[in-house]
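With this note's numbering, letter number 53 in the sequence shown gets 56, and the count goes up by one each step, no holes.
We put the beta carbon where it would ideally sit given N, CA and C, even for glycine.
What you are looking at is a predicted structure, and each value in this text was computed from that prediction instead of being measured.
The next block holds one structure in the form of structure tokens; read it before the comments.
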Amino acid sequence: MSKLSLFPIIIVVPFLKVSGMAIFPFVLVKHQDLKNDDQLIRHETIHLMQELELLIIPFYILYLANYLVNLIRYHDHEKAYLNIVFEREAYAHETSSSYLKHRKFWGWLKFIKA
Numbered sequence: 004m005s006k007l008s009l010f011p012i013i014i015v016v017p018f019l020k021v022s023g024m025a026i027f028p029f030v031l032v033k034h035q036d037l038k039n040d041d042q043l044i045r046h047e048t049i050h051l052m053q054e055l056e057l058l059i060i061p062f063y064i065l066y067l068a069n070y071l072v073n074l075i076r077y078h079d080h081e082k083a084y085l086n087i088v089f090e091r092e093a094y095a096h097e098t099s100s101s102y103l104k105h106r107k108f109w110g111w112l113k114f115i116k117a
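As structure tokens, then:
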């Protein structure tokens, strides 16, 4: 994991509308079997690191602001979501088992595009 040895607390939330979600300090998953989905847990753990770096509340503000700007730009929910800078980092590295060990502080910054 990261320099902070972040091991998420995973909670099953059956009524969740998505497969997984990071709400510090938890990773929420829709089904019990998703607790063992390394790719999903890594994706959400990247979000936990982003949340910590931004002292949690500012992360959610920036996440929502980035989504709204993208929604205006793309006029499409899915495209707006996929282009959130925090999602871009998480999706880019969710398959790398070593990413969290070597991730640079504020690693999401390199995913900002003009």
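Subject >> Nearest-angstrom Cβ-Cβ length linking VAL16 and LEU37, presumed shorter than 8 Å >> reply: 10 Å between Cβ atoms; not a contact.
Subject >> C-alpha gap between VAL72 and ASN39, whole angstroms >> reply: 34 Å
**OP:** Could you check which residue in LYS104, TYR70 and HIS96 has the C-alpha nearest to that of TRP111?
**Re:** HIS96
Subject >> Sequence-distant residues of the same chain with beta carbon closer than 8 Å to ILE87, five excluded per side >> reply: TYR66, ASN69, TYR70 and ASN73
Original post:
Who does PHE29 pair with in a DSSP beta bridge?
Top reply: ILE12 and ILE26
Subject >> Rounded straight-line distance, which links the Cα of SER99 to that of HIS46 >> reply: 10 Å
**OP:** Please classify ILE44: is it buried, with 16 or more other beta-carbons within 10 angstroms of its beta-carbon, or exposed?
**Re:** buried
**OP:** Note the first and the last residue of the continuous alpha helix (DSSP H) segment covering ILE60.
**Re:** 60 to 77
**OP:** Leaving aside the five residues before and after TYR84 along the sequence, list all residues of the same chain whose C-beta is less than 8 Å from its C-beta, in chain order.
**Re:** TYR70, ASN73 and GLU90
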